[in-house]
Amino acid sequence: MSVVYFLVLLGIPVAGAIVCTLLRRRRWFEYVTVTSTGLTFLATLWLTSLVLQGATIMTPKGWFFLDALSVYLLVIVSGSTLVVALYSIGYLHRQIRNKKVDGSMLRLYYILLNAFLSTMMLVLVSNNLGFLWIGTEATTLATAFLVAFYERESSIEAAWKYVIICSVGIAFALFGIILTYFSALHVVSSADNALNWSTLIAVGKQLNPDILKLAFVFILVGFGTKAGLVPLHTWKPDAYSEAPAPISALMAAGLVNIALYALLRFYILVNKAVGGSFAPNLFIIFGLVSMGVAVPFILLQRDYKRLLAYSSVEHVGIIVFALGLGTPLAYFGALLHMLNNTLAKLVLFLTAGNIRIAYDSKIIRRVTGAIKVMPVSATLFILGVFAVTGWPPFGLFVSELSIVTAGFSAGNVFASVLFVGFVATVFVGFIYYATGMVFGEPSRHDKKGDGDTLSLVVIAVLVVFLLVLGTMIPTMIYNFIMRAAAVIQV
Amino acid sequence: MFDTQTISLGIEILAATILVTTFLIVSSRSLMFYVRLFAIQSFLLGLVALLVAVGFGETHILIAAILTIVVKATVIPIALSKVIDKIKVRKEIDFTINITTSLLLCALLVILADSVARPILEAQRMSDLAVFKVLPMSIAVMMIGLFIMIARKQAVSQIIGLLTMENGVFLSGLSITYGMPLIVEVGIFFDIFVAVLILGVFVFRINQTFDTINVDTIRRLRH
């Protein structure tokens, strides 16, 4: 029976991709993709309710499984994909009108969007660490042509850099997985189970700690590249700024969480096997360095899509730092921050897409008076900026506050002070650039024109959700996050 | 037919030859030569997998061995030489590190690889695996693959570097675990194959838009 759940979950987006290859009419791509992403989202909600009611769901050989942590990420990722699918309709219509996209490009876009979703789902449902690796590499391959979508020189170069850097990283991760498997073979009797995360966690304490430490270093490099941890973040600003806006949004909202999820699974395993502060200290250091390196690039930025990419580097740093603190409050903060960051990044990248179309420029100084050119998008954009920089009453304020509190009470005073300093500095830079873009007088050439109603409504819903998370987290969501955090705390 | 020791010796000799091919890649400047050496390297790797499959009765790795010989030693090299023909770039001209220095650095990498492998080998009693001596060599192949990507800037060289790294990872898996479960190996193979296809398409397009595939000359994407 449990096999059916996974067939449904992985099958819907794969079917969506296949159907898109067979279609000819523009409208149909949109119908199919909205249906497939919508159904996937509904299926994850249904599976979530099953998981939260009962135990974990696992296939007979243990290849796939679901627990509170994986369904939490499933909901975030499939929800983001649905938002992006809805936004893509209007965005691509405008790009067709601007003669930047034609019919065959549109088909490729929707096929790859469905494929991208299916690869992300594969990572999140994999219990077998080999499948986890295969899925992660497949996300890179599914997005390669989406990054190169506009076929400009710069976008092909960005895509090349993205595939090369992420493939090198992931090769290291594969070596880490082989080391883990090697260590497990000495403990687990059946070689078929020796790659299953659930089996490894059960025998965690018997695994050789020295080998697992070495394996974790390779895995941190590998999946850290994919998440965009410094110093392996260099592909991120290029890829995010060259990809179409909805794809940048989905990379910042979905792909980042996929990589963090993979890291998190190994983090739990290594903590179980090695104990002590080995993995937590690595996370704290990499988290803080990522935040710190992002700061100057945010302060001295010319291109607003790159600005958002560095914000993504910063927030991955925040999440990894929080996970490194290792207390229940910090885990809660980290998981809540994953959700908050996802929502804020969707709002920012999608509204930035509207700004990009209206001004036909990515340069910050070229954009002035957006509030007069496109009142709704500009308002949502500035709200997103306040949210992402951690202002109350938005959700990120709550999660960052939990993380800092956890940091101080865990005795990491110096690290926590640095954390606050980085967040505050980023805030200054962001507000400076964003107010310059939104307020002031537009130049005479900028004609008025906002995004389509559907996408603006969707983005507004996300902003409301951020407000809710920042003022009164619904008990249901609170309990859900606590259940997911309990998985980390083994 | 043969005892375990003979088979292990055979695998060690093959692995050492694989390491030699990576040094030959580093010592050359002809892109076509890189591709041929990569084909030989992959063929030897396929033989290692075949020996593990037949010699130690690990039949699950048989399919991976055949895939290595068919895909990595035949299909990918043919595709890459087509790419080289089409883009009409035959030589690696732009060296960030010259050949002599490169070879010396690679020799150092081999020593480094040995010191990385030592704790792994000491951490577990290795009596049950006959081919553990291959691990340091496989780590060296990985490192030299990465080195090729850093030191050689032509797009084709970068692909060869990446594939060499992957070969090193596969060899390490063979040496300490006799390879991963079949379905996982097949999935990994599929991913690598698709990655090479995509990179190949990009090489064509980069060439179309820039008239050169030297990825270092394109520096538009600075912040």
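Just so you know, the protein sequences line up as chains A and R, in that order.
Numbering-wise, the working numbering comes out as the position in the first sequence, counting from 1, plus 469.
Numbering-wise, the working numbering comes out as the position in the second sequence, counting from 1, plus 2.
Ideal Cβ positions, reconstructed from N, Cα and C, are used throughout, including at glycine.
Just so it is clear, the structure is predicted and the values come from calculations on it, not from any experiment.
Note down the Cα distance separating alanine 660 of chain A from lysine 74 of chain R, rounded to an integer number of angstroms.
If you number the first sequence from 1, residue 660 of chain A lands on position 191. If you number the second sequence from 1, residue 74 of chain R lands on position 72. Answer to the nearest angstrom: the Cα atoms are 26 Å apart.
When DSSP labels each residue in this structure, what does leucine 478 of chain A get in the three-state scheme?
By 1-based counting over the first sequence, the position of residue 478 of chain A is 9. Note: leucine 478 of chain A maps to helix in three-state DSSP.
CB methionine 720 of chain A to CB phenylalanine 891 of chain A, shorter than 9 Å?
Position 251 of the first sequence, counting from 1, holds the residue named residue 720 of chain A. Position 422 of the first sequence, counting from 1, holds the residue named residue 891 of chain A. Not closer than 9 Å, so no.
What number of angstroms, rounded off, separates the C-alpha of arginine 566 of chain A from the C-alpha of isoleucine 900 of chain A?
Locating residue 566 of chain A in the first sequence gives position 97, counting from the first residue. Locating residue 900 of chain A in the first sequence gives position 431, counting from the first residue. Distance between the alpha carbons of arginine 566 of chain A and isoleucine 900 of chain A is about 33 Å.
In the region 678-689 of chain A, which residues sit with their C-beta less than 8 Å from some C-beta in chain R, listed in chain order?
Those residues of the region 678-689 of chain A placed with their C-beta closer than 8 Å to a C-beta in chain R are Asp679, Ile680 and Leu683, ordered along the chain.
At what residues does the alpha helix (DSSP H) containing phenylalanine 891 of chain A begin and finish?
As a working note, residue 891 of chain A is residue 422 in the first sequence. For phenylalanine 891 of chain A, the enclosing alpha helix (DSSP H) stretches over residues 882-907.
Residues, ordered as in the chain, of the region 576-605 of chain A that lie near chain R by beta-carbon distance below 8 Å
Taken in chain order, the members of the region 576-605 of chain A whose beta-carbon sits within less than 8 Å of a beta-carbon on chain R are Asn597, Gly599, Phe600, Trp602 and Ile603.
Looking only at DSSP bridge pairs, what is isoleucine 526 of chain A linked to?
Reading the first sequence from its first residue, position 57 is the one you call residue 526 of chain A. In the DSSP assignment, isoleucine 526 of chain A is bridged to A:Leu535.
Please tell me whether serine 781 of chain A and tyrosine 736 of chain A are closer than 9 Å, where the distance is taken between their beta carbons.
Residue mapping note: residue 781 of chain A aligns to position 312 of the first sequence, counting from 1. Residue mapping note: residue 736 of chain A aligns to position 267 of the first sequence, counting from 1. Judged by beta-carbon spacing, tyrosine 736 of chain A lies beyond the 9 Å limit of serine 781 of chain A, meaning their Cβ atoms are not closer than that value.
Cβ of isoleucine 190 of chain R within 9 Å of any chain A Cβ:
Taking the second sequence and counting its residues from 1, the one referred to as residue 190 of chain R is at position 188. Judged by the 9 Å Cβ criterion, isoleucine 190 of chain R is in contact with chain A.
Whose CA, out of R:Ile68, R:Ala17 and R:Leu123, lies closest to the CA of aspartate 679 of chain A?
Taking the first residue of the first sequence as position 1, residue 679 of chain A is located at position 210. The shortest Cα separation from aspartate 679 of chain A among R:Ile68, R:Ala17 and R:Leu123 belongs to R:Leu123.
Please state whether DSSP places glutamine 43 of chain R in a helix, a strand or coil.
Along the second sequence, one-based indexing puts residue 43 of chain R at 41. Three-state result, glutamine 43 of chain R: helix.
Beta-bridge pairing of asparagine 665 of chain A - partner residues as DSSP gives them
As a working mapping, residue 665 of chain A is identified with position 196 in the first sequence. Beta-bridge analysis with DSSP links asparagine 665 of chain A to A:Asn597.
Are the C-beta of leucine 114 of chain R and some C-beta of chain A separated by less than 9 Å?
Your numbering for residue 114 of chain R matches position 112 in the second sequence. So, not an interface residue.
What is the C-beta distance between valine 932 of chain A and leucine 852 of chain A, in whole angstroms, given that I count them as a contact (C-beta under 8 Å)?
Taking the first residue of the first sequence as position 1, residue 932 of chain A is located at position 463. Taking the first residue of the first sequence as position 1, residue 852 of chain A is located at position 383. Their Cβ separation, rounded to whole angstroms, is 5 Å, which keeps valine 932 of chain A and leucine 852 of chain A in contact under 8 Å.
Would you mind giving the Cβ-Cβ distance between isoleucine 833 of chain A and aspartate 772 of chain A, rounded to the nearest angstrom? I have them listed as a contact below 8 Å.
Residue numbering aside, residue 833 of chain A sits at position 364 when the first sequence is read from its first letter. Residue numbering aside, residue 772 of chain A sits at position 303 when the first sequence is read from its first letter. Correct: roughly 7 Å between the Cβ atoms.
Give the DSSP-derived three-state secondary structure of proline 183 of chain R in the structure shown.
Residue numbering aside, residue 183 of chain R sits at position 181 when the second sequence is read from its first letter. Looking at proline 183 of chain R - three-state DSSP - the assignment turns out to be coil, as it is neither helix nor strand.
Whose Cβ in chain A lies nearer than 7 Å to the Cβ of alanine 125 of chain R?
As a working mapping, residue 125 of chain R is identified with position 123 in the second sequence. Correct list: Asn677, Asp679 and Ile680.
When burial is assigned at 16 or more other CB atoms within 10 Å of the CB, is serine 868 of chain A buried or exposed?
The residue given as residue 868 of chain A occupies position 399 in the first sequence. Result: buried.
If the cut is a Cβ gap below 9 Å, which residues of chain R does valine 926 of chain A touch?
Translated into the one-based positions of the first sequence, residue 926 of chain A becomes position 457. Within chain R, no residue comes near valine 926 of chain A; the closest Cβ sits about 34 Å away, beyond 9 Å.
Are the beta-carbon atoms belonging to leucine 683 of chain A and glycine 645 of chain A less than 9 Å from one another?
Here residue 683 of chain A refers to the residue found at position 214 of the first sequence. Here residue 645 of chain A refers to the residue found at position 176 of the first sequence. Less than 9 Å separates the beta-carbon of leucine 683 of chain A from that of glycine 645 of chain A.
Counting only the same chain and skipping the five closest in sequence on each side, list residues whose C-beta sits under 6 Å from that of isoleucine 558 of chain A.
Start at 1 with the first residue of the first sequence, and residue 558 of chain A comes out as number 89. Cβ within range, chain order: Glu499.
Contact set between the region 647-665 of chain A and chain R, restricted to residues whose Cβ is under 8 Å from the partner
Of all residues in the region 647-665 of chain A, Ile647, Leu648, Tyr650, Phe651, Ser652, Leu654, His655, Ala660, Asp661 and Leu664 have a Cβ within less than 8 Å of some Cβ in chain R.
Which chain R residues are close to serine 636 of chain A, counting only those with a beta carbon under 7 Å from its beta carbon?
In the first sequence, the residue the question calls residue 636 of chain A occupies position 167. The contacting residues are Leu164 and Ala197.
Determine the closest residue to serine 855 of chain A out of A:Gly880, A:Asn810, A:Arg835 and A:Met843, with distance taken between C-alpha atoms.
For this step, residue 855 of chain A is matched to residue 386 along the first sequence. The sequence given here places phenylalanine at residue 855 of chain A; serine does not occur at that position. It is A:Asn810 whose Cα lies nearest to the Cα of phenylalanine 855 of chain A.
Once the 5 residues before and after glycine 202 of chain R are set aside, which same chain residues still bring their CB inside 8 Å of it?
Counted from its first residue, the second sequence places residue 202 of chain R at position 200. Taken in chain order, the residues that qualify are Ala81, Leu82, Val85 and Ile161.
Name the residue from A:Thr517, A:Met951, A:Gly599 and A:Val789 whose alpha carbon lies nearest to the alpha carbon of leucine 798 of chain A.
The residue given as residue 798 of chain A occupies position 329 in the first sequence. Of the listed residues, the one whose Cα sits closest to leucine 798 of chain A is A:Met951.
Note down the Cα distance separating arginine 224 of chain R from leucine 776 of chain A, rounded to an integer number of angstroms.
In the second sequence, the residue the question calls residue 224 of chain R occupies position 222. In the first sequence, the residue the question calls residue 776 of chain A occupies position 307. Confidence in arginine 224 of chain R is poor, its pLDDT being 45 and thus under 50, which makes the residue's placement too unreliable to answer from.
Strand pairing of isoleucine 832 of chain A, partner residues [DSSP]
The residue given as residue 832 of chain A occupies position 363 in the first sequence. Paired residue(s): A:Asp772.
Should the region 621-638 of chain A be called in touch with the region 573-585 of chain A, which here means at least 3 C-beta pairs below 8 Å?
Too few Cβ pairs lie closer than 8 Å, so no.
Can you list, in chain order, the residues of its chain with a C-beta nearer than 7 Å to that of valine 483 of chain A? Leave out the 5 residues immediately preceding and following it.
The count along the first sequence starts at 1 and reaches residue 483 of chain A at position 14. Within the same chain, valine 483 of chain A has close Cβ partners Ser587.
Check whether chain A comes within 9 Å of glycine 175 of chain R, counting only Cβ atoms and requiring the distance to be less than that.
Locating residue 175 of chain R in the second sequence gives position 173, counting from the first residue. Interface residue, yes.
Cβ shell of lysine 135 of chain R (< 6 Å), same chain only, five flanking positions each side left out
One-based indexing of the second sequence puts residue 135 of chain R at position 133. Contacts found: Glu14.
Between which two residues does the alpha helix (DSSP H) holding glutamate 14 of chain R run?
Working through the second sequence from its first residue, we reach residue 14 of chain R at position 12. Per DSSP, glutamate 14 of chain R belongs to the alpha helix (DSSP H) from 6-29.
Proximal residues, the region 616-636 of chain A versus chain R, C-beta separation under 9 Å
Answer in chain order: Ala617, Glu620, Arg621, Glu622, Ser623, Ile625, Glu626, Ala627, Ala628, Trp629, Lys630, Val632, Ile633 and Ser636.
For arginine 5 of chain R, is the classification buried or exposed, using 16 other Cβ atoms within 10 angstroms of its Cβ as the cut-off for buried?
Against the second sequence, residue 5 of chain R aligns to sequence position 3. The residue asked about is misnamed: residue 5 of chain R is aspartate in this sequence, not arginine. Classification of aspartate 5 of chain R: exposed, given that the 10 Å Cβ count is below 16.
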